[in-house]
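K.L.:
Submitted below is the structure of interest, expressed as structure tokens.
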Ligand SMILES: CC(C)(COP(=O)(O)OP(=O)(O)OC[C@H]1O[C@@H](n2cnc3c(N)ncnc32)[C@H](O)[C@@H]1OP(=O)(O)O)[C@@H](O)C(=O)NCCC(=O)NCCS
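In my numbering, the protein residues as written are 84 to 284.
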């Protein structure tokens, strides 16, 4: 499906990036106060839309509108997921299922819930859907200026695999295509060692 990917929020400029963020001291204090929260992750329903739109609007300079979400979610392969904490929707993710990959189109955590492990729990849920036989990777585009998201995805095991030059319609910036590859939990099967190789050390 194509919901004007180049305007997709995961590819949008994070609204507060680079605009007089806190000094390191303020950031340290904020960080100390934040505790990890355990969220309940479930499919998105229509009733979640106001909270999803709030998180979207505070996260991106070029946010999706309600009709963008609806158009996207009408597609058979498009899925919405939300993270809930104490009856509040504090994060959401929109992704497409393809034959051998999952493509994240939009993803945000409410600003007062960031750095509390919500995004990590959502990504872990997504990664849990991968397997070696079927969908073996998760891909997404991140704006080159969205350093916070790049650091988050790198921390979550993603790697930048290519640069998509002048990817956006709204700004001349590039996108990084980031990818997570399925890794089996099981230890690799060891090659049988024959007597000669054993003797050879
Ligand atoms: C990117 C985003 C979804 C991360 O969600 P989150 O719930 O804050 O992430 P987590 O708390 O699970 O972070 C896990 C780790 O990722 C890294 N990380 C997350 N945000 C970071 C930031 N702003 N700067 C540096 N590292 C960061 C850290 O290593 C963090 O662990 P720590 O807090 O123990 O240091 C959130 O910042 C967000 O909604 N951003 C705006 C929207 C956006 O850019 N979406 C992605 C579009 S591609």
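Beta carbons are placed, not taken as given, at the ideal position from N, Cα and C, and that holds for glycine.
For the region 196-265, which segments carrying the beta strand (DSSP E) assignment without a break, of at least 3 residues, lie completely within its bounds, in sequence order?
P.N.:
220-226, 242-247 and 258-264
K.L.:
The beta strand (DSSP E) that contains residue 124, what's its start and end?
P.N.:
Translated into the one-based positions of the chain shown, residue 124 becomes position 41. Residue 124 -> beta strand (DSSP E) spans 123-126.
K.L.:
Anything with a beta carbon under 6 Å from a heavy atom of ligand 1 counts; list them all in chain order.
P.N.:
93, 97, 142, 190, 191, 192, 197, 198, 199, 200, 201, 202, 203, 223, 225, 229, 231, 232, 234, 235 and 238
K.L.:
What do you get for residue 267, buried or exposed, if any count of 16 or more other CB atoms within 10 angstroms of its CB means buried?
P.N.:
Residue mapping note: residue 267 aligns to position 184 of the chain shown, counting from 1. Answer is exposed; the Cβ neighbour count stays below 16.
K.L.:
Hey, could you find the ends of the beta strand (DSSP E) residue 166 is sitting in?
P.N.:
On the chain shown, position 83 is the one that residue 166 refers to. From DSSP, the beta strand (DSSP E) with residue 166 extends over 161-168.
K.L.:
When the Cα of residue 152 is compared with those of 178, 214 and 167, which residue comes out closest?
P.N.:
As a first step, residue 152 is located in the chain shown; it is residue number 69 there, counting from the start. Answer by Cα proximity: 178.
K.L.:
Could you say if the region 205-212 and the region 184-194 meet the contact criterion of at least three C-beta pairs nearer than 8 Å?
P.N.:
yes
K.L.:
Would you say the region 166-180 touches the region 117-133, given that touching needs at least three Cβ pairs under 8 Å?
P.N.:
yes
K.L.:
Using a Cβ-Cβ cutoff of less than 7 Å, which residues in the same chain neighbour residue 139 once the five nearest sequence positions on both sides are dropped?
P.N.:
Translated into the one-based positions of the chain shown, residue 139 becomes position 56. Closer than 7 Å at Cβ, skipping near neighbours: 92, 146, 147 and 191.
K.L.:
Using only CA atoms, which one of 210, 217 and 136 lies nearest to residue 181?
P.N.:
If you number the chain shown from 1, residue 181 lands on position 98. Considering only alpha carbons, the answer is 217.
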